[in-house]
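Asker:
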Amino acid sequence: MGDGRTHQSIERKRIAVISIDKDNFWGYPSARVLERLKKAGVKVYRTDRDGDIVLSIPVAESLE
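Structure below.
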């Protein structure tokens, strides 16, 4: 999420799923990314805090 292309698409997203190891050695995601998601009203799910994350998407719906 650090490149310029992401900035243009982040405002259209409703949720973000971030897979992070519980030890999170590298410190991802950055506070900057989390703030951008928050400002855009994106609901963030993180495996380090929320555990396993399962998404159910009906076949008839698009992922766009």
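Every letter in the sequence shown is one number past the one before it in the numbering used here, and letter 54, counting from 1, is 54.
Yeah, the Cβ is synthetic: ideal placement off N, Cα and C, and Gly gets one too.
Between which two residues does the beta strand (DSSP E) harbouring Ala31 extend?
Answerer: Reading the sequence shown from its first residue, position 31 is the one you call residue 31. Run containing Ala31: none in the beta strand (DSSP E); it sits in the alpha helix (DSSP H), 31-39.
Asker: Between the alpha carbons of Asp52 and Tyr28, how many angstroms are there, rounded?
Answerer: Your numbering for residue 52 matches position 52 in the sequence shown. Your numbering for residue 28 matches position 28 in the sequence shown. Distance between the alpha carbons of Asp52 and Tyr28: 17 Å.
Asker: Just to confirm, is the Cβ distance from Ala60 to Leu37 under 8 Å?
Answerer: Position 60 of the sequence shown, counting from 1, holds the residue named residue 60. Position 37 of the sequence shown, counting from 1, holds the residue named residue 37. Cβ atoms of Ala60 and Leu37: not closer than 8 Å.
Asker: In the DSSP assignment, what are the bridge partners of Ala16?
Answerer: The residue you call residue 16 lines up with position 16 of the sequence shown. Answer is Val44.
Asker: Suppose the cutoff is 8 Å on Cβ atoms and the five residues either side in sequence are ignored; what does the same chain contact list for Asn24 look like?
Answerer: By one-based count along the sequence shown, residue 24 stands at place 24. Answer for Asn24: Asp48, listed in chain order.
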